[in-house]
Amino acid sequence: ELRDELERSRLKFKEFVRQAEEARQTRDRLNGEVKELSAQIRKIFEERAGRLKRIEELKGEKNRIYEEMSPYSSTVRELKEIRNRYNEAARGREESLLRRLQDIVGTLRERDLSPKQELILFEQAVILRYRILARRVADAVHRKILEMGEEALLPHIEKLKELDRKMDEEYRAARELLEKARELIAKRDSLRAEAQENHQRFISLDREIKELKVKMDAARLALKKLREEERELLKKLRGGRRARLMVERELKLKEARKKYQRGETLSLEELRLLMEAGDV
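The sequence shown begins at 1127 in this note's numbering and counts up one residue at a time.
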């Protein structure tokens, strides 16, 4: 029974060792993958930091352009205010204002009007002349604004558009890198948790292996002691049998001597005993 128990423990010990080695290898493999993912994540964040730094540099370039545009922008703003005031004074396009003025002049020339009617039309004509002049000034200022925009501001505006395009690319790349990093972090954390589970399993199995080894050592010691006891018992049994055989031989020898002295017929065994004893 002790031998059977020891054999069962040995098989169990072997299975525990196999499972522990499997858990250790799985843990080490997963930890290796976690390490690789951590390196990838670190590299992604470094690249993303470079993208964000580039965005700040582009913002700085935009600010410098805005500073360069500031004097022109101020002038354009003032010109726009002037243009708007003359637009309000003109209240119409030059063509329509000219037609109305021509109609009034024609009426004054061709029709016989009362002094009051002539005065009213004359006042309207003067106002129209001022409005036409205001329209021409507004248009001239507007052309100046366009010229300044084309000559001075347009190149800056084009640069700003190009910088905005580059910034959009950097922002998009930074977002994609962040999303990729988040995916890898989730994967890494999952693998890390699995590796930890295998580590705990390895520790548990290692503890069971040690406990089982203690039991097996105790069983081996008990079995060794039992075998020693069996050998001692067998030795004693063998010694007792030899003694019994010697006693039986002496008894048979005495009986053979008696029969020999009486002249009785001896058996072959009795004759052999007497010959070995030197009696015949």
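Beta carbons: idealized from backbone N, C-alpha and C, even for Gly.
- When secondary structure is reduced to three states using DSSP, residue 1176 falls in the helix class.
- Each residue's CA atom was taken as its position, placing residue 1160 and residue 1315 some 8 Å apart.
- Between residue 1223 and the set 1375, 1254, 1181, 1178, the nearest pair of CA atoms involves 1254.
- Here the alpha carbons of residue 1165 and residue 1138 stand approximately 40 Å from one another.
- By the C-beta density criterion, residue 1324 is buried, having at least 16 other C-beta atoms within 10 angstroms.
- Going by DSSP, residue 1233 is part of the alpha helix (DSSP H) stretching over 1220-1236.
- Looking at 1248, 1131, 1182, 1141, the one whose alpha-carbon comes closest to that of residue 1332 is 1141.
- DSSP places residue 1404 outside both helix and strand once states are collapsed to three, so it counts as coil.
- Counting the other Cβ atoms within 10 Å of the Cβ of residue 1258 gives 16 or more, which makes it buried.
- When the beta-carbon positions are compared, residue 1396 and residue 1386 come within less than 9 Å of each other.
- Annotated as proximal: residue 1213 and residue 1261, with beta-carbon spacing under 9 Å.
- Using a Cβ-Cβ distance cut-off of 8 Å, the region 1230-1248 and the region 1200-1213 are not in contact, since fewer than three pairs of beta carbons, one from each stretch, lie closer than that value.
- For residue 1217, there is no enclosing alpha helix (DSSP H), as DSSP marks it with neither H nor E.
- Within the same chain, 1349 come within 8 Å of residue 1129 by CB-CB distance, once the 5 residues on both sides are set aside.
- Where residue 1272 is concerned, the enclosing alpha helix (DSSP H) starts and stops at 1241-1274.
- Separation of residue 1146 and residue 1343 (C-alpha to C-alpha, rounded to the nearest whole angstrom) is 20 Å.
- Around the CB of residue 1171, fewer than 16 other CB atoms lie within 10 Å, so the residue is classed as exposed.
- The C-beta distance from residue 1286 to residue 1188 rounds to 6 Å, short enough to fall under 8 Å.
- Assignment of residue 1152 by DSSP, reduced to helix, strand and coil, places it in the helix class.
- With contacts defined as CB atoms closer than 9 Å, residue 1174 and residue 1310 fail to qualify as a contacting pair.
- The C-alpha of residue 1244 lies about 25 Å from the C-alpha of residue 1219.
- Taking the C-beta atoms as reference points, residue 1289 is found nearer than 9 Å to residue 1191.
- Residue 1296 counts as buried, since no fewer than 16 other beta carbons sit within 10 angstroms of its beta carbon.
- The C-beta of residue 1209 has 16 or more other C-beta atoms within 10 Å across all chains shown, which makes the residue buried.
- Contact annotation, residue 1379 with residue 1399: C-beta distance approximately 5 Å; criterion of less than 8 Å satisfied.
- Here residue 1389 carries a coil assignment [DSSP, helix/strand/coil].
- Cβ contact annotation for residue 1264 (same chain, cutoff 7 Å, sequence separation greater than five): 1209, 1212, 1213, 1216, in chain order.
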